[in-house]
Amino acid sequence: MDILTIIIAIAVISVMGIKRINIGLAMLAGSLVLILMAPISLPQAFAAAKSALANPDTIVLMGSVLLIGVLSYILKNSRALEETVASLLGLVGDSRWIMALLTSIFSALVVPGGAMLAAPINDELGDKVEIGPEYKTGISIIFRHIWYVYLPIIPSLLTAASLAGVSPKALAAQNLPVLIAGVIAAWFILLQPLPKQGRGKWSSRAFLRFLVSLLPLLVLVFLYLICGLHFLAALAIGVLLALVNMPEKGEGTLFSRVTGTFFSRVKTMILPGLRWQLALAVAGVMIFKELLVSSGLINGFAENLVSQGIPMWLLLTLLPLFIGLSTGFHEAATAIALSIFIPLLPDKVFLAGVSLTYVAATVGYMLSPMHLCVILTREYFDAKFASTYRYLLPVPFIMLAAALIIGITRGL
460 MDILTIIIAI AVISVMGIKR INIGLAMLAG SLVLILMAPI SLPQAFAAAK
510 SALANPDTIV LMGSVLLIGV LSYILKNSRA LEETVASLLG LVGDSRWIMA
560 LLTSIFSALV VPGGAMLAAP INDELGDKVE IGPEYKTGIS IIFRHIWYVY
610 LPIIPSLLTA ASLAGVSPKA LAAQNLPVLI AGVIAAWFIL LQPLPKQGRG
660 KWSSRAFLRF LVSLLPLLVL VFLYLICGLH FLAALAIGVL LALVNMPEKG
710 EGTLFSRVTG TFFSRVKTMI LPGLRWQLAL AVAGVMIFKE LLVSSGLING
760 FAENLVSQGI PMWLLLTLLP LFIGLSTGFH EAATAIALSI FIPLLPDKVF
810 LAGVSLTYVA ATVGYMLSPM HLCVILTREY FDAKFASTYR YLLPVPFIML
860 AAALIIGITR GL
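Going left to right, the sequence shown walks through residues 460 to 871 as this note's numbering numbers them.
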């Protein structure tokens, strides 16, 4: 019954997504399935929903996605992104490399929904090579998340290493072949088929244009990563900077043009940039996750599966994959799966088992319809739900296959 309830909830969410119904409403419908079918009372359900909405992380995340929407709108409509793309194409020459590198760099911003930060640039670059919204979504998601199996700044990798009692460096080294397989697959599947463009040429003028056009984002990254400022505060400063950056041309002093640009953009770009459907999506996701945890369905299903005598390598692959898919929450999927399997892993295959568990949970998370980056990026590009998975599925499963082969060759 546990597995059936989760499958029905995910099916409802997926069907509503395919029908282009707001994903926030779809998540609430999935939550209703859990309330009706799971061993959870109505008061418990209301308490879980209240806890999810009152959680500071939810409030910060809703604020973040709203501000990211405003920042993206300002950068696009102030022609800053157009300038960014033009200068980068002049410097690098090939938009394929630019999409891969910039999206990968943004993976260092460990914030929920962070793939949205690269979305505006990939939107402009994707238009240059004439790809659709689903293709753009695939590139944005894959090149942000393939690094999650290796980067030691990823909270889930740190959690996995801590639970396993190994160093993050050791776990990252074990996962390195998986990362290499993912990068190669992502290049040949997503980028290599796109039309190759001309070679770039170094120009200090073009580089300066790039820095100026992208200044709000660069300042945001600097304040968050280097100065340690709260992401929401750094994002707000980025929005304020975007309102005055690259002031409109005209007569008068620089100060008068900057102030005129500021007030003009406030009037014409703030409200249109607020995408309330993204905030609703966040609320729906957080309520669903809280109900799933409160119901105990995942733990009950996992304990039942472990008791069935299934081969360890298959358990380490399927169960974390399922948990990642059903929660869309990387930290939870990693913590739940490793808590179950760490006591069962023999010493000689311990690190290989931890690695396979972590990679499987990561792949499930990457592909989950509940994954915020998938939800928000798809909403940003207005991409079709089912068609998006044509571009999302191949690379993560190649990474999982690589992890499985490595695990089996090491004795799992």
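Heads up, the beta-carbon is just placed ideally off N, CA and C, and yes, glycines get one too.
| query | result |
| --- | --- |
| Can you find the residues in the same chain that come closer than 7 Å, C-beta to C-beta, to Ala898, ignoring five residues on each side of it along the sequence? | The chain is shown only over 460 to 871; residue 898 falls outside these bounds and no answer can be derived. |
| Put Ser626 into one of helix, strand or coil per three-state DSSP. | coil |
| Quick check: Ser554 and Ala577, are their CB atoms within less than 8 Å of each other? | no |
| Between Arg479 and Ile769, what straight-line distance do the alpha-carbon atoms span, to the nearest angstrom? | 38 Å |
| Per the contact definition of three or more C-beta pairs closer than 8 Å, is the region 780-787 in contact with the region 592-611? | no |
| Is it right to say Asn634 is buried, meaning 16 or more other beta carbons lie within 10 angstroms of its own, or is it exposed? | buried |
| Please work out which residues of its chain come closer than 7 Å, Cβ to Cβ, to Arg668, disregarding the five sequence neighbours upstream and downstream, and give them in chain order. | Glu542 and Ser546 |
| Is the Cβ-Cβ distance between Leu713 and Leu674 less than 8 Å? | no |
| Roughly how far, in whole angstroms, is the beta-carbon of Met705 from the beta-carbon of Asn514, given that I think they are within contact range, below 8 Å? | At roughly 37 Å, the Cβ-Cβ gap does not stay under 8 Å, so Met705 and Asn514 are not in contact. |
| Take Leu610 as the anchor and find which of Ile639, Ser827 and Ala485 has the nearest alpha-carbon. | Ile639 |
| To the nearest angstrom, how far is it from the Cα of Glu589 to the Cα of Leu560? | 19 Å |
| Is Pro855 helix, strand or coil by DSSP? | helix |
| On a CA-only basis, which of Thr464, Leu520 and Leu526 is nearest Ala695? Give me that one, please. | Leu526 |
| Please decide whether Pro654 counts as near chain B, where near means a Cβ-Cβ distance under 8 Å. | Reference to chain B is not applicable here, since this structure consists of a single protein chain. |
| Between Tyr607, Lys509, His604 and Thr562, which lies nearest to Gly585 when the distance is taken from Cα to Cα? | Thr562 |
| Kindly indicate the opening and closing residues of the alpha helix (DSSP H) around Val588. | Taken as a continuous stretch (DSSP letters only), Val588 belongs to no alpha helix (DSSP H), as it is neither H nor E. |
| Ignore the nearest five residues each way along the sequence and tell me which others in Ala738's own chain have a CB closer than 7 Å to its CB. | Met521, Val524 and Leu525 |
| Buried or exposed: which applies to Trp735, given that a residue is buried once 16 or more other Cβ atoms fall within 10 Å of its Cβ? | exposed |
| Spatial neighbours of Leu750 within its chain, please: C-beta separation below 6 Å, excluding the five flanking residues on both sides. | Ser490, Leu493 and Ala507 |
| Take the Cβ of Asn763 as the centre, count every other Cβ of all protein chains shown within 10 Å, and call the residue buried at 16 or more, exposed below. | exposed |
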